[in-house]
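Line by line, the protein sequences are chains A and B.
So the first sequence is numbered by the numbering used here: it starts at 1 and just counts up by one.
So the second sequence is numbered by the numbering used here: it starts at 1 and just counts up by one.
The beta carbon of each residue, even a glycine, is placed where N, CA and C say it ideally should be.
Keep in mind that this is a model prediction, so the values were computed, not measured.
Read the structure below first, then the notes.
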Amino acid sequence: MGNIIETINISRHFRVAGGKNFIALSDISIQIPERSLTILKGRSGSGKTTLINILGALDAPTSGKVLFDGEDLAIMGEKQREALRRERIGFVFQSVSLIPIMSAYENVEFALRLAGFQGNRQKRAEHCLKLVGLGGRMKHMPQEMSGGEQQRVAIARAIAHEPRVIFADEPTGELDSATSIQVMKLFSELVETENMTIVMTTHDQSLMGMGDRLYELQDGRLVKGEEEHG
Amino acid sequence: MFRFLIQKLLHKKWMVVSLLIGNILLIAIAVSHPMYKRAALNRMLTDEFETYIAQTGEYPGILSFSMTRQAGGDEGFDSVNDLYLKGESLLELPLLANLRIMQQTPTSAVNISERPDLVTWGSEMQVRLSCMSDLPAHAAMVSGDIYNAEEDEVIQAVVGEQAFVEMNLLVGDILEFPRVYGEDQTPLRVQIAGVFTYSDNTDPYWVNAPDSYEDALFIDEGVFEELFFGERNTHAVVLANWHTILDESQLRAENVDAFIERSNEMTRSITRAGGRITGSAYLDILEEYQTNCLRAQTTLFILQVPIIVLLCAFLFMISGQMLSMEQNEISILKSRGAGRGQILLLYLGQSLILVFVSFVAALPLGMFLCQVLGSSSAFLEFVRRRSLEVFIDGEVLLYAAGAMALSVLVTVIPAFRYSRISIVNLKQEKSRKKKALWKKLYLDVVIFSISLYGLYSFNRQRESMVLEVLSGATLDPLLYFSSSLFILGAGLLALRLWPWLIRLIFRIGRKFWKPEEYTSFLQIIRTGDRQVFIMEFLILTVALGIFNATIARTILSNEEANLLYQLGADVVMQEKWRDNSSQVAMGLADKLVYEEPDSNRFLEIDGVEAMAKVINVEATWNASSNTASNSVKLMGVTADAFGRVAKDMGEGTYSLVQFLNVLGSNARAVIVSSNFKTREGFALGDSITFTYNGTSMTGTIYGFFDYFPSSVLTETVILQDGTADTQENYIIVANSSYINNCCGVTPYELWFAMEDGSPDPLADYIEQRQVEVVKFENVEQMSYEIRTEPILQGTNGILTMSFIVILILCAVGFLIYWVLSIRERELLFGVLRAMGMSRRGIVRMLFNEQFFGSVLFIGVGAVIGVIASRLFVPLIQIAYTAQNQVLGVKLVTEAEDMVRLFAYIGIMFVICMAVLIRLIFRMKITNALKLGED
């Protein structure tokens, strides 16, 4: 099983007020294997969101290399990175990131449009929504749904265009534990049935055991890594 | 709380700046109204007096009254004299002079000087002993000296030059009055001390020129009273003329009403005491001024209302926008225990701070606006001319206070709604979708129907409106109101239909829309209701802008077209002709014969393009009935020359050239005004006989015209009782050669076509060569007078000002709205970018949104503006040109104005897009996404 993403000694510094450097990430080298659920663990401020943003080509490291399918993200242009995000990546964010003016169905269908999905968009969107258990709420607007439902729509949207990787930043952050476990189960299923690769961050201890691989961050450093689970 | 407010304001720079702009404009416009009104009215007042002086050559500011003092004393006389003495304090206006002339009835006098010529010519004469108050100060002696005030045995007198000659006097002559007693009941003796004239012929003191006193011997006033009011000459009857000469330049517009009242009170007292008012021309002028004044005030007010309403709408909108941004703060404040009253108080405080800051800036701006108003010569055109007297007084402050109160009101009203929000129902509120009230009540349909009804009924009353305006009434404010309602209603109607249009477009291309278009259409469809206000605002500004520009342009160009038509050519002049009228008067000749001057010399002047000799005289014709007037205007033209100078205004069925061609085809051909057809049943080929200067002529009718340069067929005239009526004028146009053959050389006018229409070369020539002219009229001068007439100038000024304000509001409103709407959606853009939408994609999305939102409505506004102009401007026009309107009203829209309007809007659009693009390109996706985590 090959690695879809590999980072080599990446660091990320931010300039903060007073001209000082804030070191958000320092010397991180991780590998994300294909068809796996990788969990980035850490407390608030540990650098996991920065890391996932870099992995998802939303941000670039100050030093080090990120290889996506063997390609160096740093030598890609902005256009290629946009295309990468559009076609090969799906995002699920902590906060509700649905487009408020679109219904559940339209949100998913929109992602397909954006990715230039060639097949039958309607079928695919409906399939994805059924997959996350929302087959009956397709016409609903985001503000008419609960937080868990919205997050499931976001997941359906993230997987709709069949990306290589899904990045989920604290996808359960605003959900109660029962709903969180449902979302995690959904992720596991997606890895199993749809051959997805999922990278997610969380600070929730109870969810740690549900991933295939776990990296733990503390103050921008990797403290624990490459734990393989059955 | 004050510090909290200031911090809150500093936090919302954009909003505060827009609110300040709105407030400053509102207050400045409000204060400019009384300022300009005052200045304009004063100018109107001065103009009225100046016009009177120019037309009559007389000074109108004189209250003249007279009374005869009966023999043996007269109480009434004394009280009238008292009123004369107290004139200045009674009228409360400074006087230039206060003059009393007293004269005895003519009495015989004998020149007892030893002069041989008196034997031949006789020494007896009829004279009046007279006195004039303060004469020595205003007289200059031609010979001899002024009289001595001391009463000696022989009283000293002075005479005017004319009297001096008429009475055959020499300085030093002594006259004896057999029936006037001096001391000891002996006949009075008067010595001629000198001959006087005025020391300054512009001195208003000289109501009557010195030469007009042909039989008066002026003696000292005190001596006169001693002689005739005492015991010596109890039989004497004295006629007194009083002239109270007002310094009318000291009369301020605001005091006119009170002054008229005081003046009337004084004249009543004079009449009661037996005096007779012989002159009070200023009262008529002032009364006419009062009528005009009311018209001016109403017109200026009506014109300003729409812009004030627009500014209020702007403030309301921005304030609402600000509140909706602060919903969270409000709900937090409320959750911490703040009551609704406290929230309202907070916003009241904020509003007051802004209003007072604006007030400071608005006063000078108001004064500036006022100067701008006073210097506008046409729409968006200004001339340098004497600046207006502008000052700040109670009325100005009152207007400022009113505007400030209005501003506070409209900015606090939205707070009433928002102050109800609590943290609980904030979320509910956000998710609920309500149908707008105006849509539920069909306000758009209602407003639109009302305006159409207004239009319909005004169109029906058109004729009577013309008559009313001519008899001094103002334009019905409801008319202007209807036009505003039309724009408002049509705008709302468009907004009701708009979502359906967008939905249709969206549906049609649903399958093919790129993600960018897809999002922007959905954005418009799903959140369109929130944008209704800014859309309506855009429609209103654009439509009003076009409407205003059209009114201003149309009124002026129409006035000028009518002037040109009624005058006939750029310059119309008539030189003074010599004739034998004195011989005719003495019976030495029986027919008037004229001597033709050499008119061709004018053709050689640089700047004269063409000249035509045009006979333009009053004649009579052989009407079939004698009940109506048979006077007719007879014009004699030479077809080809006339064609080169006369202006064809493009009215009527046939062109001027066609008329001139038929006229030139036969020496005896005439063309006549079409009203001959209705009155006499004339047809083409009929003969018509007309008489001028005792000579009968017969012409054959070759054509009927409705329009012919300088001819007004139907004229509206004001009758004695102030009502208006129409009057038919009959015109016959014949060939000059025919008239000259029959009547001999007939005096003609010279019509000129000038280079660039400028009369200056001709005027200069006339001045240099001292050509005597009896008529010199030119379009340029007339048009200047119209342009600077206060009502029209005020109208142009206000329309220009409104237009500029509209541009500013459009810009600010547009910018604010879009910047805010972008800020609100930053998270969404972050998500879209994360999902791989490019920056250009987002810009395209916004562009599409702006196009189908704003740009579309700018177009809708333009269409509504044009339609409103077509429907209402011809009616509004009546208020300005009823008097002169002969030609049909032609709507004028200057492309230049439209270019300006749309250029400004275009620039705004570009600036907005630039701001947006910058915002989007600088936006960090990761930061934008973090926004959502708050």
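Counting contacts by CB-CB distance shorter than 9 Å, is B:Y817 in contact with chain A?
The sequence position of residue 817 of chain B within the second sequence is 817, counting from 1. Not one chain A Cβ lies under 9 Å of B:Y817.
Does the pairing of the stretch 518-536 of chain B with the stretch 493-500 of chain B give three or more beta-carbon distances under 8 Å?
yes
Tell me the rounded alpha-carbon separation between A:L129 and A:M208.
In the first sequence, the residue the question calls residue 129 of chain A occupies position 129. In the first sequence, the residue the question calls residue 208 of chain A occupies position 208. Near 26 Å, if we compare the C-alpha coordinates of A:M208 and A:L129.
Helix or strand or just coil, what does DSSP make of B:F458?
Taking the first residue of the second sequence as position 1, residue 458 of chain B is located at position 458. Correct three-state label for B:F458: helix.
Against chain A: residues of the stretch 520-534 of chain B by CB proximity under 7 Å
L522, Q523, R526, T527
Using the Cβ count rule (16 or more neighbours within 10 Å means buried), how would you classify B:M15?
In the second sequence, counting from the first residue as 1, residue 15 of chain B sits at position 15. Buried is the call here.
Can you check the stretch 122-197 of chain A for any alpha helix (DSSP H) of at least 4 residues that lies completely inside it and give the ranges in chain order?
147-160, 177-194
Mind pulling the chain B residues with CB within less than 8 Å of A:F110?
The residue you call residue 110 of chain A lines up with position 110 of the first sequence. Here the neighbours are P515, Y518, T519.
Should B:L63 and B:M367 be called a contact, given that it needs their Cβ atoms to be closer than 9 Å?
The residue given as residue 63 of chain B occupies position 63 in the second sequence. The residue given as residue 367 of chain B occupies position 367 in the second sequence. No, they are not a contact pair.
Following the continuous alpha helix (DSSP H) through B:K440, name the residue where it begins and the one where it ends.
Counting from 1 along the second sequence, the entry for residue 440 of chain B is found at position 440. Looking at the DSSP string, the run of the alpha helix (DSSP H) that includes B:K440 is 437-440.
B:A943 vs B:D570 beta-carbon contact at 9 Å:
Summary: the structure shown does not reach residue 943 of chain B, with chain B confined to residues 1 through 934, and so no result is reported for it.
Using a Cβ-Cβ cutoff of less than 6 Å, which residues in the same chain neighbour B:G932 once the five nearest sequence positions on both sides are dropped?
Locating residue 932 of chain B in the second sequence gives position 932, where the first residue counts as 1. Model confidence at B:G932 stands at a pLDDT of 49, short of 50, so the residue's coordinates are unreliable; what they give is reported in the following sentence. Taken in chain order, the residues that qualify are L827.
DSSP three-state label for B:V866, please.
On the second sequence, position 866 is the one that residue 866 of chain B refers to. Helix, per DSSP.
Can you check whether the C-beta of A:L214 is within less than 9 Å of a C-beta belonging to chain B?
For the purposes of this step, residue 214 of chain A is taken as residue 214 along the first sequence, with counting starting at 1. No, because no Cβ of chain B sits closer than 9 Å to the Cβ of A:L214.
Paired residues, beta bridge with B:E468 - DSSP
Position 468 of the second sequence, counted from the start, is the residue given in the question as residue 468 of chain B. BP columns for B:E468 are empty, so no partner.
What residues in its chain sit with their C-beta under 8 Å from that of B:R189, if we drop five residues either side in the sequence?
Taking the first residue of the second sequence as position 1, residue 189 of chain B is located at position 189. Here the set comprises I112, E153, V154, I155, I174, L175, E176, F177, G182.
Closest residue to B:I876 among B:T278, B:G509, B:R553, B:G222 (Cα-Cα distance)
For the purposes of this step, residue 876 of chain B is identified with residue 876 of the second sequence, where counting begins at 1. The candidate whose alpha carbon is nearest that of B:I876 is B:R553.
Is DSSP giving B:N693 helix, strand or coil here?
The residue labelled residue 693 of chain B in the question sits at position 693 within the second sequence. B:N693 falls in the coil class under three-state DSSP.
Select from B:A30, B:T46, B:L556 the residue whose C-alpha is nearest the C-alpha of B:A362.
If you number the second sequence from 1, residue 362 of chain B lands on position 362. Answer by Cα proximity: B:A30.
Chain A contact residues for B:V1005, given Cβ-Cβ distances below 8 Å
What the structure shows of chain B is the stretch from 1 to 934, and residue 1005 of chain B is not part of that stretch, so it cannot be assessed.
For B:P759, count neighbouring Cβ atoms within 10 angstroms of its own Cβ and tell me buried if that reaches 16, exposed if not.
For this step, residue 759 of chain B is matched to residue 759 along the second sequence. By the 10 Å Cβ count, B:P759 comes out buried.
Using a threshold of 9 Å, state whether the C-beta atoms of B:G861 and B:A543 are closer than that.
By one-based count along the second sequence, residue 861 of chain B stands at place 861. By one-based count along the second sequence, residue 543 of chain B stands at place 543. Yes, these two residues count as a Cβ contact at 9 Å.
By DSSP, does B:R825 sit in helix, in strand, or in coil?
Numbered from 1 along the second sequence, position 825 holds the residue referred to as residue 825 of chain B. In this structure, B:R825 counts as coil in the three-state DSSP scheme.
Where do the ends of the alpha helix (DSSP H) carrying B:T267 lie?
As a position in the second sequence, residue 267 of chain B is number 267, starting the count at 1. Taken as a continuous stretch (DSSP letters only), the alpha helix (DSSP H) holding B:T267 covers 256-272.
With DSSP as the reference, label B:L684 as helix, strand or coil.
Here residue 684 of chain B refers to the residue found at position 684 of the second sequence. Reduced to three states, the DSSP call for B:L684 is coil.
Provide the residue span of the alpha helix (DSSP H) that contains B:M367, from first to last.
Here residue 367 of chain B refers to the residue found at position 367 of the second sequence. Counting along the chain, the alpha helix (DSSP H) containing B:M367 begins and ends at 340-375.
Under a Cβ-count criterion, where at least 16 other Cβ atoms within 10 Å of its own Cβ denotes burial, should B:E124 be classed as buried or exposed?
Indexing the second sequence from 1 puts residue 124 of chain B at position 124. Counting Cβ neighbours within 10 Å, B:E124 comes out exposed, since fewer than 16 surround it.
B:E254 to B:I791 span [Cα, whole Å]:
Position 254 of the second sequence, counting from 1, holds the residue named residue 254 of chain B. Position 791 of the second sequence, counting from 1, holds the residue named residue 791 of chain B. Whole-angstrom Cα-Cα distance: 17 Å.
Taking 8 Å as the line, does the beta carbon of B:V670 fall inside it for any heavy atom of the ligand FAD?
Absence of the ligand FAD from the depicted structure is noted, as is the absence of any ligand whatsoever, leaving it without description.
Nearest to B:V372 by CA position, among B:M908, B:I816, B:L478, B:N796, is which residue?
Residue mapping note: residue 372 of chain B aligns to position 372 of the second sequence, counting from 1. Looking at the Cα atoms, B:N796 is the closest of the given residues.
Alpha-carbon spacing of A:L217 relative to A:M141, whole angstroms:
As a working mapping, residue 217 of chain A is identified with position 217 in the first sequence. As a working mapping, residue 141 of chain A is identified with position 141 in the first sequence. Roughly 37 Å separates the two Cα atoms.
If you pair each beta-carbon of the stretch 393-406 of chain B with each one of the stretch 31-40 of chain B, do three or more pairs fall below 8 Å?
yes
Taking C-beta pairs closer than 7 Å, name the residues in chain B that A:R85 reaches, listed in chain order.
As a working note, residue 85 of chain A is residue 85 in the first sequence. The answer, in chain order, is A834, M835, G836.
Which whole-angstrom value is the C-beta distance of B:F416 and B:L344, which I expect to be below 8 Å?
On the second sequence, residue 416 of chain B is found 416 positions in, with the first residue counted as 1. On the second sequence, residue 344 of chain B is found 344 positions in, with the first residue counted as 1. Rounded, the Cβ-Cβ distance is 7 Å, consistent with contact.
For B:T299, which option in B:R922, B:I798, B:I905 has the closest C-alpha, if you only look at C-alpha atoms?
Within the second sequence, residue 299 of chain B is the residue found at index 299, counting from 1. Out of B:R922, B:I798, B:I905, B:I798 has the C-alpha closest to the C-alpha of B:T299.
With distances taken from CA atoms, which of B:I450, B:G813, B:P477 is nearest B:Q297?
Counted from its first residue, the second sequence places residue 297 of chain B at position 297. Closest by alpha carbon: B:P477.
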